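In terms of my numbering, the sequence shown opens at residue 6 and continues consecutively.
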Amino acid sequence: MEGAEPYAAIAKRNFEQLDLQVSVVIGLFQDTLQQVLQQQSKIDFAFIDGHHDERATISYYKQLLPFLSNNAVIVFDDIAWSEGMKRAWHYLCNDKCIKTAVSLFNVGICVVF
Ligand SMILES: C[S@@+](CC[C@H](N)C(=O)[O-])C[C@H]1O[C@@H](n2cnc3c(N)ncnc32)[C@H](O)[C@@H]1O
Numbered sequence: 006m007e008g009a010e011p012y013a014a015i016a017k018r019n020f021e022q023l024d025l026q027v028s029v030v031i032g033l034f035q036d037t038l039q040q041v042l043q044q045q046s047k048i049d050f051a052f053i054d055g056h057h058d059e060r061a062t063i064s065y066y067k068q069l070l071p072f073l074s075n076n077a078v079i080v081f082d083d084i085a086w087s088e089g090m091k092r093a094w095h096y097l098c099n100d101k102c103i104k105t106a107v108s109l110f111n112v113g114i115c116v117v118f
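If you want it as structure tokens, here you go:
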């Protein structure tokens, strides 16, 4: 999922060159995430690396929750990028659905119940 069309086009080209079957969804996460989630079976792994804003990050996490498989892994990039992202990471570390949270300074890895 990518909001900027030129970046999405590069990603699509890379996936094709690598012969990977990956769907590229263009649009703002705010507009596309719910629809993408509704089309998925249970999600084992999610990588969030965009819209690095405290409220947005927590919102995307909450939207993902009902769609995750047991012991799913979510990786959050740029968790130290701003004070807001640091607060978002703090929120995640204390959320009751997160079993394990590991900070690699810029990257946060969470295992979710
Ligand atoms: C730090 S880059 C990471 C891109 C990719 N994960 C990578 O490593 O090359 C963040 C990306 O998120 C996209 N982005 C930022 N806010 C977004 C939003 N609200 N909806 C969709 N995409 C967004 C930007 O266009 C940018 O390409």
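Built from N, CA and C at the ideal position, the CB exists for glycine as well. In this text, all values refer to a predicted model and were calculated from it rather than measured experimentally.
In this structure, does DSSP put residue i in helix, strand or coil?
i	result
Phe-20	helix
Ala-51	strand
Leu-73	strand
Ala-106	strand
Ile-84	coil
Since residue i and residue j are thought to touch, with beta carbons under 8 angstroms apart, how far apart are those beta carbons, to the nearest angstrom?
i	j	result
Phe-72	Gln-45	6 angstroms
Leu-105	Val-112	First, the amino acid is wrong: residue 105 is Thr here, not Leu. About 14 angstroms; that fails the 8 angstroms criterion.
Trp-94	Ile-103	11 angstroms between Cβ atoms; not a contact.
Leu-57	Phe-34	Note on identity: in this sequence residue 57 is His, with Leu being the wrong assignment. With a Cβ gap of about 11 angstroms, His-57 and Phe-34 do not count as contacting.
Val-29	Ala-9	The Cβ separation is near 12 angstroms, so there is no contact.
Verify the contact flag: residue i, CB atom, against every heavy atom of ligand 1, threshold strictly below 7 angstroms.
i	result
Gly-113	no
His-56	yes
Tyr-12	yes
Phe-34	yes
Looking at the secondary structure, which residues open and close the alpha helix (DSSP H) in which residue i lies?
i	result
Ala-93	88-98
Val-30	That residue, Val-30, is in no alpha helix (DSSP H); it is neither H nor E in DSSP.
Counting only C-beta atoms, is residue i closer than 8 angstroms to chain D at any point?
i	result
His-95	Reference to chain D is not applicable here, since this structure consists of a single protein chain.
State the start and end residues of the unbroken beta strand (DSSP E) segment that holds residue i.
i	result
Ile-114	112-117
Compare the Cα-Cα distances from residue i to each of the options and report the closest residue.
i	options	result
Tyr-96	Leu-33, Tyr-66, Leu-109, Phe-118	Tyr-66
Asp-49	Val-29, Val-78, Asp-82, Tyr-12	Val-78
Asp-54	Gln-26, Met-90, Pro-11	Met-90
Leu-109	Lys-101, Val-80, Tyr-12	Val-80
Ser-87	Gln-68, Glu-59, Lys-101, Asn-99	Glu-59
Asn-99	Met-6, Gln-68, Asn-76, Ile-63	Ile-63
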